[in-house]
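Trainee:
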Amino acid sequence: MLSTKNDNGYHRSHWKGDSITALSLAKDSNGTSGWVFIGDHFDYLLIRGGDNAVNILRDPLIHHDKLSVENPVEFIIDNEKKQFNGKIKINYNWITQTDKEAALTYGFICKKI
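Going by this note's numbering, the sequence shown opens with residue 1, and the numbers climb by one from there.
Here it is in structure tokens:
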């Protein structure tokens, strides 16, 4: 889901889904460095808040196929600043005590099911 700010408040739109296929370091037009999550439809430059996600993906103890994104994901786009803010909730189904402990270092909260 996407929310854009306008004169009357926020306008909500549903956009198509996207899958992240690659990750890279990049700079925006102002020279600000950040992580770019490259998707099938869009690319997402994160100049703040991307380091933790990248560290999770780089950790050899984390099984990438056990990570999932909980829907709905919502982004708020400020058209005047050409930037977005958003929150993504990531779930992880740990397999062993070792990868559970690794996940806990990134702020994952373990729940009994």
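Just so it is clear, CB atoms sit at the ideal spot from N, CA and C, and this is done for glycine as well.
Here's the rule I'm using: 16 or more other beta-carbon atoms within 10 Å means buried, otherwise exposed. How should F42 be labelled?
Mentor: exposed
Trainee: So, under 8 Å CB-CB, Y124 and I56 are touching, yes? Tell me the CB distance rounded to an integer number of Å.
Mentor: Since the first and last residues shown for the chain are 1 and 113, residue 124 lies out of range.
Trainee: Which word fits A22, buried or exposed, when buried means at least 16 other C-beta atoms lie within 10 angstroms of its C-beta?
Mentor: exposed
Trainee: Is N91 helix, strand or coil by DSSP?
Mentor: strand
Trainee: Please work out which residues of its chain come closer than 6 Å, Cβ to Cβ, to N85, disregarding the five sequence neighbours upstream and downstream, and give them in chain order.
Mentor: I76
Trainee: What's the call for M1, buried or exposed, on a 16-neighbour Cβ count within 10 Å?
Mentor: Residue placement at M1 is flagged as unreliable, the pLDDT there being 47, under the threshold of 50; the coordinate-derived value follows with that caveat. That one is exposed.
Trainee: Please determine, among D18, D40, L45, the residue with the shortest C-alpha to C-alpha distance to D28.
Mentor: L45
Trainee: On a Cα-Cα basis, can you pick out the residue from I109, N30, L67 that is closest to Q83?
Mentor: N30
Trainee: Which residues does DSSP pair with Y44 in a beta bridge?
Mentor: F37
Trainee: Between L25 and S33, how many whole angstroms is the CB-CB distance? I'm expecting something under 8 Å.
Mentor: S33 and L25 do touch by the CB rule: their CB atoms are close to 7 Å apart, below 8 Å.
Trainee: Between which residues of its own chain and V73 is the CB-CB distance below 6 Å, once the five residues before and five after are set aside?
Mentor: I88
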